[in-house]
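A short write-up of the structure that comes next.
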Amino acid sequence: MREAVTGAKRIVVKVGSSSLTTAAGGIDGERVSSLVDALAKLIEDGREVVLVSSGAIAAGLAPLGLRRRPRDLATQQAAASVGQGLLIGHYATSFARFGRTVGQVLLTADDVTRRVHYRNAYRTLRKLLDLHAVPIVNENDTVATDEIRFGDNDRLAALVAALVEADLLVLLSDVDALYTGDPANPESRRIDEVRGEEDLAGVTIGKAGKAGVGTGGMVTKVEAARIATGAGIPVVLTAAPLAAQALAGEPIGTLFHRDLHKPAARLHWLAHATAPRGRLHLDPGAVQAIVVRRKSLLPAGITAVDGSFAAGDPVDLIDATSGVSVARGLCNYDAVELPDLLGRSTRSLGPSHQREVVHRDDLVLL
Numbered sequence: 211m212r213e214a215v216t217g218a219k220r221i222v223v224k225v226g227s228s229s230l231t232t233a234a235g236g237i238d239g240e241r242v243s244s245l246v247d248a249l250a251k252l253i254e255d256g257r258e259v260v261l262v263s264s265g266a267i268a269a270g271l272a273p274l275g276l277r278r279r280p281r282d283l284a285t286q287q288a289a290a291s292v293g294q295g296l297l298i299g300h301y302a303t304s305f306a307r308f309g310r311t312v313g314q315v316l317l318t319a320d321d322v323t324r325r326v327h328y329r330n331a332y333r334t335l336r337k338l339l340d341l342h343a344v345p346i347v348n349e350n351d352t353v354a355t356d357e358i359r360f361g362d363n364d365r366l367a368a369l370v371a372a373l374v375e376a377d378l379l380v381l382l383s384d385v386d387a388l389y390t391g392d393p394a395n396p397e398s399r400r401i402d403e404v405r406g407e408e409d410l411a412g413v414t415i416g417k418a419g420k421a422g423v424g425t426g427g428m429v430t431k432v433e434a435a436r437i438a439t440g441a442g443i444p445v446v447l448t449a450a451p452l453a454a455q456a457l458a459g460e461p462i463g464t465l466f467h468r469d470l471h472k473p474a475a476r477l478h479w480l481a482h483a484t485a486p487r488g489r490l491h492l493d494p495g496a497v498q499a500i501v502v503r504r505k506s507l508l509p510a511g512i513t514a515v516d517g518s519f520a521a522g523d524p525v526d527l528i529d530a531t532s533g534v535s536v537a538r539g540l541c542n543y544d545a546v547e548l549p550d551l552l553g554r555s556t557r558s559l560g561p562s563h564q565r566e567v568v569h570r571d572d573l574v575l576l
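Residue numbering for the sequence shown is 211 to 576, as defined by our numbering.
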């Protein structure tokens, strides 16, 4: 039995659209009930469960007479507005069999990339758990624009797991494990455990499946596993029909072991849950100071500024020579203030500008 699973007290479970709905659209009630049976058992055993569920858009296809997932954002939002109510209704009915109440939490990327919203999301989820309700999280597809979308709930689930300080993340899909290639290929080998990047060397990772109702695929699941394990959270990846066995700790699916050197929660948030509002280009000396010596960024090392941002916004720090992002940090100046400061020593700027552009405590290497 997997101790990382059996010892977990707070568990985030993510289930994909293809595991809940048919290819033609519409919710498969039996699949929902089977998943809820497995989750209810965990709760009865005294563990906390947060469910991140895709399926709103897919659930809205059939009622709207749509044959496949729409490509344009407006129709996706319309389908989500119809399907979200149907989806949460199925969960509410199914959990009611066990005397459990569900709470719907709809998030946009803004809710986890802006620090104040991030804290509000945490408080809501924490209070639902304290009240013995089951939080059911989904991306707010009805209002999210292309610019502020997560793109897939795998990443959302990893960020939620870090947000609630989960002990385990379980990613459920239509594939029973991670393979070295296409699972349909007899030469592909199943990977039972991933302890580091070396275990992923030579692995060919596929995109979204043939069902056509989801947006992810193994690429987003592996990336979600990287985010979660980087926050010190182990991850199990397996197929939705195997959820009960996986959650019981049986050695099925793929187990991604957590990183032992977990970063501070604030730095993990900065690295994975923020979208840069601008870019600061650094000369070689500044890159050396940031990457090797772990110093704060001063105006003297900045050669150019891109973007429109305010003090406190996240910005990427770019090696001006290679064009590669080397770090991300919270800028202490507005974008309009910086051009006059570039290349100058803080001593020459006067008392009002003698602060670092990005303090080392607000900076994470990428």
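Think of the CB as a built atom: it goes at the ideal place given N, C-alpha and C, for glycine as much as any other residue.
query                                                                                                                                                                     : result
Any chance the stretch 368 to 376 sits against the stretch 478 to 496, with 3 or more Cβ pairs inside 8 Å?                                                                : yes
Taking DSSP's pairing of strands, which residues face PHE466 in a bridge?                                                                                                 : VAL404 and VAL445
Taking the alpha-carbon positions, what's the HIS471 to VAL404 distance?                                                                                                  : 16 Å
I'd like to know whether the C-beta atoms of SER535 and LEU576 end up nearer to each other than 7 Å.                                                                      : yes
Cβ atoms of PRO486 and PRO444: under 7 Å apart, would you say?                                                                                                            : no
Does the distance from the C-beta atom of LEU381 to that of LYS431 stay below 7 Å?                                                                                        : yes
What's the gap between the Cα of PHE519 and the Cα of PRO549?                                                                                                             : 13 Å
Can you list, in chain order, the residues of its chain with a C-beta nearer than 8 Å to that of ALA513? Leave out the 5 residues immediately preceding and following it. : Reading off the sequence, residue 513 comes out as Thr, not Ala. Once the five neighbours on either side are set aside, the close Cβ partners of THR513 are HIS491, LEU492, ASP493, ALA530, LEU552 and GLY553.
Tell me whether the beta-carbon of SER243 lies closer than 7 Å to the beta-carbon of SER304.                                                                              : yes
Look at ALA269 and GLY293 and say whether their C-beta atoms are less than 7 Å apart.                                                                                     : yes
Tell me which residues share the same chain as ILE401 and place their Cβ nearer than 6 Å to its Cβ, disregarding the 5 neighbours each side in the sequence.              : LEU388 and THR464
Which runs of the beta strand (DSSP E) spanning at least 3 residues fall entirely within the stretch 256 to 317, listed in chain order?                                   : 258 to 263 and 312 to 317
On the CB-based measure, 16 or more other CB atoms within 10 Å of its CB, does VAL326 come out buried or exposed?                                                         : exposed
Measuring only the C-alpha atoms, how far is THR318 from ALA499?                                                                                                          : 35 Å
Relative to the alpha-carbon of VAL497, which residue among ARG570, ASN330 and PRO396 has its alpha-carbon at the smallest distance?                                      : ARG570
Once you ignore the five residues that flank GLU566 on each side, which residues in its own chain have a CB closer than 7 Å to its CB?                                    : SER506, LEU507, LEU508 and ASN542
How many Å lie between ASP238 and ILE267 at the Cα?                                                                                                                       : 14 Å
Among SER227, SER229, ILE253 and GLY236, which residue has its Cα nearest to the Cα of ALA458?                                                                            : ILE253
Apart from the five residues on each side of it in sequence, which residues of its chain come closer than 7 Å, Cβ to Cβ, to SER229?                                       : ARG241, LEU382, SER383, ASP384 and ALA450
Give the DSSP-derived three-state secondary structure of GLU349 in the structure shown.                                                                                   : strand
So, LEU379 versus VAL222, is the Cβ gap smaller than 7 Å?                                                                                                                 : yes
What is the residue span of the beta strand (DSSP E) that PRO494 lies within?                                                                                             : Taken as a continuous stretch (DSSP letters only), PRO494 belongs to no beta strand (DSSP E), being part of the alpha helix (DSSP H) at 494 to 501.
By DSSP's criteria, ALA537 is part of a beta bridge. Which residues make up the other side?                                                                               : LEU527 and LEU575
So who's on the other strand from THR231, going by DSSP bridges?                                                                                                          : ILE237
With DSSP as the reference, please indicate the residues paired to TYR389 in a beta bridge.                                                                               : ARG400
In three-state DSSP terms, what is GLY226?                                                                                                                                : coil
Along the beta strand (DSSP E) that carries ALA371, what are the first and last residues, could you check?                                                                : No beta strand (DSSP E) holds ALA371; the alpha helix (DSSP H) holding it covers 363 to 373.
DSSP three-state label for ASP340, please.                                                                                                                                : helix
Got a sec? Which residues, its chain only, sit under 7 Å from ALA545 by beta carbon, not counting five neighbours each side?                                              : GLY488, VAL515, GLY517, SER518 and PHE519
Looking at the strands, I want to know which residues DSSP matches up with ASP516.                                                                                        : ARG489
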